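Note that the sequence shown covers residues 5 to 334 in the numbering used here.
Written below as structure tokens is the structure these notes are about.
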Amino acid sequence: MNNSQEKEVKNFNFSVSAKQENQRLDKFLSERLRFSRSKVQKLIHNGNVKINQKVTETPHHKVKTNETIEVRIFPPQSSVLKAEDIPLNIIYEDEELIVINKPAGLVVHPAGEKKTQTLVNALLNHCGKEILKIGGNERGGLVHRLDKDTSGVMVIAKTEKTHNEIARQFKEREIEKTYIALAWGIIKEDKGEINVPIGRSIGDRKKMSVFSAKVRESTTFFTVLERFKDFTLFELKPKTGRTHQIRVHLNSIGHPIIGDEVYGGKKRIASSSLKEVKNKIQRQFLHAEKLKFEHPELKKIVEFTAPLPEDMQYVIEWARKNAGIKIKNC
Numbered sequence: 005m006n007n008s009q010e011k012e013v014k015n016f017n018f019s020v021s022a023k024q025e026n027q028r029l030d031k032f033l034s035e036r037l038r039f040s041r042s043k044v045q046k047l048i049h050n051g052n053v054k055i056n057q058k059v060t061e062t063p064h065h066k067v068k069t070n071e072t073i074e075v076r077i078f079p080p081q082s083s084v085l086k087a088e089d090i091p092l093n094i095i096y097e098d099e100e101l102i103v104i105n106k107p108a109g110l111v112v113h114p115a116g117e118k119k120t121q122t123l124v125n126a127l128l129n130h131c132g133k134e135i136l137k138i139g140g141n142e143r144g145g146l147v148h149r150l151d152k153d154t155s156g157v158m159v160i161a162k163t164e165k166t167h168n169e170i171a172r173q174f175k176e177r178e179i180e181k182t183y184i185a186l187a188w189g190i191i192k193e194d195k196g197e198i199n200v201p202i203g204r205s206i207g208d209r210k211k212m213s214v215f216s217a218k219v220r221e222s223t224t225f226f227t228v229l230e231r232f233k234d235f236t237l238f239e240l241k242p243k244t245g246r247t248h249q250i251r252v253h254l255n256s257i258g259h260p261i262i263g264d265e266v267y268g269g270k271k272r273i274a275s276s277s278l279k280e281v282k283n284k285i286q287r288q289f290l291h292a293e294k295l296k297f298e299h300p301e302l303k304k305i306v307e308f309t310a311p312l313p314e315d316m317q318y319v320i321e322w323a324r325k326n327a328g329i330k331i332k333n334c
């Protein structure tokens, strides 16, 4: 941040009166700042709020009379997104779209103060600045997203017409998405459907949950590919496209994805058969294997596949040799 920006930063300090005690933090700040609750919640999630000099990310925190609440508000900034020479694993490209195999660890879109080392920065470098406007300001042609630590196939539009059409196919659920996941536990059914509505977690707005005040219809179909000693290899086809859908759905039926810190899949490693390969499990083992849709210009169905990344492949191969494999009958 330069000196002129620093001067424009607004700092607020509030104390809590006895009358205000036990108000939710977001409500308290909304009234004091005269901001909407959603704007206050964004400030909290971005780490702009401190309670007794410690950053909090909990909008539902009940304020107390002994607390000092600090808020720091930065001025709006014009786009500072820059092209960066980040390697792209390109599966397919033409004048209308580009299909990539996103590696685990790559953030898809800039958010908050993170303006570098994202897929959009890489697309700016590969496609030119025109891509930034496709789909809306600074969207970078993105039609859908993958979580930072989920790998696999993504399609990006290079024209507004193609963006609108592929977005329509996603909305109308005409696009077939196939994922591969390693998840804890042994499920008896060879095939099934998880039809559980999900929404924002009441306790943590960064998480999704089946326990939410506002849930939306969510459906995921699964097929068991292989069973091991204490975990299962799944193929999953989400019908809907909710945030964190597959991760939440598998956790909701007692089979969290291996390595998933947010939804309970990290804790079991130390006491499982996978403890010998725990150094290979540094993220949730979820991979977007295939995308199948109608190409907007070619007017034909196209299908793109990304092979399993090295970390997942290594653990699966290790498990086949060491973890008591039981192969599903086909």
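No residue lacks a Cβ here, since even glycine has one placed at the ideal position from N, Cα and C.
Given the structure is predicted, the values throughout are model-derived calculations rather than measurements.
Every unbroken stretch of the beta strand (DSSP E) spanning 3 or more residues and falling wholly within the region 154-185 is given here in chain order: 155-161. Residue environment for Val59: exposed (fewer than 16 other C-beta atoms within 10 angstroms of its C-beta). For Arg76, the pairing in a beta bridge is given by DSSP as Asn15. Asn255 and Lys270 have their C-alpha atoms some 12 Å from each other. Bounds of any alpha helix (DSSP H) do not take in Lys133, whose DSSP letter is neither H nor E. Around the beta carbon of Arg177, a 10 Å sphere encloses fewer than 16 other beta carbons of the protein chains shown; the residue is thus reported as exposed. In the structure shown, the three-state DSSP call for His148 is coil. The shortest CA-to-CA distance from Lys282 to any of Val124, His291, Ala323 is the one to Ala323.
Ranked by Cα distance from Gly189, the options His259, Val266, Glu239 are led by His259.
According to the DSSP assignment, His253 belongs to the alpha helix (DSSP H) that extends over 249-256.
The continuous beta strand (DSSP E) containing Phe235 extends over residues 235-242.
Between Arg272 and Ile257, the C-beta spacing is not below 9 Å. The straight-line gap separating the alpha-carbon atoms of Asn105 and Phe16 is approximately 44 Å. Between Leu186 and Pro311, the alpha-carbon positions lie close to 15 Å from each other.
Counted as a single uninterrupted DSSP element, the beta strand (DSSP E) harbouring Ile94 occupies residues 94-97. The alpha-carbon of Thr227 is positioned some 22 Å away from that of Arg287.
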